Amino acid sequence: MVKKKRVGRKPAISATEVKITGEDLPLSQIEGVEPKFKKNSVAAQMEKEDQKGNKEGNMDNAEASSKWLTPKKKAMRNTEDKYVNVEVLYESSQLVHCKVKQLVKEKHLAYMTAKERLAQVRSQQSKINWIKFNDENSSYFHAVMRKRRLENRITTFTKGDTVVDDFEEVKILNIRDNMDEARLCQAVKGGKFSAKRFYNLSIEVAKAEYAKASWDKLIVPKHRFVFWQILNSQLLTRDYLGCFISIQNDLCPVCEAEVEMHEHLFFNCIFTKQVIGAVMEWLGCFSWPRSNLELLNWCKNLNQQPQLRVLNTVIAATMYSIWKNRNSCIFYLCCATPRRVSLDVRKTVQLRLLASGFLFGF
């Protein structure tokens, strides 16, 4: 394509090109030297504009020639732009890939950390639940006992080349192989085999004289279990836990004056003495046991008189409430007043006696 050259405008006629006739000037001037005319202001301005127009035209031509590109140059420039765009896109994709990879790595690390912490929390929670609910007749306690029973259950029995899968047959075969015939005959009562009698004959442990007082049917079931543990000093007090795990603080969580043990918690603690005093106000005159030894003697000498059974129920309910308040001080950081504990014991015993058919007014 041939570019046309721009042509400037034709300059206007100046004042020097005006034709002069002899009629206007004298003859001597026509034949002599050329006359000199002064340029007026209008003519000078028109001449400047013409020169400026010529310069602008030349500049536009030069600029147009510099901006104009051949098809080859256009193709090369487009190729260079595409190559630059591809490099930019590749670098940005690599940067995004690195960021995504780092983000996935951080998320995975956070997930593994949370999973490990959850396992630790569940392990600690199971221990806390066992310490917290082991003295209550709760669904958690029975679930743990059921799980242990299933784990310790014998499902198969091998005798020679014979494998027995029936659970009832496994029990009978296991008993017959491990026990003699004389002991099995002793476990028979009224022509029937008694598992209780057989168990008592198998363990060969002396019977506790205070068992009847602890497992009296007049006592609330969950109170019986805690009362039995108190009589045997088997509750998880801090001095007892210190034998298995390290404890930073072994003081009594209620009074924080002495080391927590059975003797202190249920007999010597200031809070316990105040609770016993509040109970004695509505119970009447009664020689309350002042140590674990006196409590054992009380349970051993207990007979089936209704009044003594009621007093035994009150003792069991009071000690259960003291243990429950102790757990509340540890797990919930709140302690009830002695009078509040006394009223709860009174209400619990009244409802239990009414349900059992006893009529006592206190």
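Per my numbering, the very first residue in the sequence shown carries number 66; after that it's consecutive.
The C-beta atom is built at its ideal place from N, Cα and C for all residues, glycine as well.
A quick note: this is a predicted structure, and the numbers were derived from the prediction, not measured.
Our contact map puts residue i next to residue j with C-beta atoms below 8 Å; I'd like the distance itself, whole angstroms only.
i	j	result
leucine 367	alanine 273	The Cβ separation is near 13 Å, so there is no contact.
phenylalanine 331	isoleucine 387	6 Å
proline 354	leucine 360	4 Å
Using DSSP with H/G/I as helix, E/B as strand and the rest coil, what is residue i?
i	result
glycine 97	Residue placement at glycine 97 is poorly supported in this model, since its pLDDT is 46, which falls under 50; the coordinates are not used for a value here.
valine 165	helix
leucine 49	With the chain covering 66 to 427 only, the question about residue 49 has no answer from this structure.
phenylalanine 332	helix
valine 375	helix
valine 270	coil
glutamate 316	Checking the sequence shown, residue 316 turns out to be leucine, not glutamate. Of the three classes helix, strand and coil, the one that applies to leucine 316 here is strand, per DSSP.
lysine 254	strand
phenylalanine 102	Here phenylalanine 102 scores only 45 on pLDDT, less than 50, and its place in the model should not be relied on; the value that follows carries that caveat. Correct three-state label for phenylalanine 102: coil.
valine 285	coil
leucine 92	Note that leucine 92 scores 44 on pLDDT, short of 50, meaning its location in the model is unreliable; the coordinates nonetheless yield the value given after this. Three-state DSSP puts leucine 92 in a helix.
methionine 345	helix
Buried or exposed: which applies to residue i, given that a residue is buried once 16 or more other Cβ atoms fall within 10 Å of its Cβ?
i	result
tyrosine 176	exposed
histidine 327	buried
asparagine 217	exposed
serine 407	buried
glutamate 171	exposed
alanine 343	buried
arginine 187	exposed
isoleucine 268	exposed
leucine 300	buried
leucine 419	exposed
proline 403	buried
aspartate 281	buried
Which value, in whole angstroms, describes the spacing of the CA atoms of residue i and residue j?
i	j	result
phenylalanine 290	threonine 378	13 Å
serine 157	phenylalanine 396	55 Å
serine 311	histidine 162	50 Å
histidine 173	glutamate 181	12 Å
alanine 252	arginine 405	49 Å
tyrosine 264	phenylalanine 423	34 Å
asparagine 390	leucine 283	23 Å
alanine 322	asparagine 297	24 Å
valine 414	cysteine 250	43 Å
arginine 417	alanine 247	44 Å
phenylalanine 309	threonine 302	12 Å
arginine 411	phenylalanine 336	17 Å
tryptophan 363	glutamine 339	21 Å
valine 375	cysteine 317	30 Å
glycine 256	leucine 266	17 Å
proline 371	valine 270	30 Å
serine 352	cysteine 320	24 Å
histidine 207	leucine 215	12 Å
phenylalanine 292	threonine 178	43 Å
serine 204	leucine 373	32 Å
cysteine 400	valine 209	29 Å
leucine 398	glycine 307	21 Å
leucine 160	leucine 183	34 Å
aspartate 226	lysine 212	31 Å
leucine 168	glutamine 185	26 Å
lysine 101	threonine 135	Confidence at lysine 101 is low in this model, with a pLDDT of 45, below 50, so its placement is unreliable and no value can be given for it.
aspartate 315	cysteine 350	35 Å
glutamate 305	lysine 287	Position check: residue 305 holds tyrosine in this sequence, whereas glutamate was assumed. Tyrosine 305 and lysine 287: Cα-Cα distance of roughly 21 Å.
histidine 329	glutamine 313	19 Å
lysine 365	leucine 358	11 Å
phenylalanine 258	isoleucine 295	34 Å
cysteine 394	lysine 164	50 Å
isoleucine 341	alanine 260	41 Å
Between the Cα of residue i and those of the options, spot the shortest distance and give me the residue it belongs to.
i	options	result
lysine 254	Arg248, Ala247 and Arg262	Arg262
valine 285	Pro136, Ser421 and Thr135	Ser421
serine 356	Asp281, Asn333 and Gln369	Asn333
methionine 345	Thr383, Leu266 and Leu361	Thr383
tyrosine 385	Asp409, Asp304 and Gln369	Asp409
glutamate 325	Val209, Leu183, Asn392 and Ala184	Asn392
glutamine 369	Tyr275, Leu306, Leu183 and Lys166	Tyr275
Establish whether the CB of residue i and some CB of chain C are separated by less than 8 Å.
i	result
cysteine 399	Protein chains in the displayed structure number just one, and chain C is not present.
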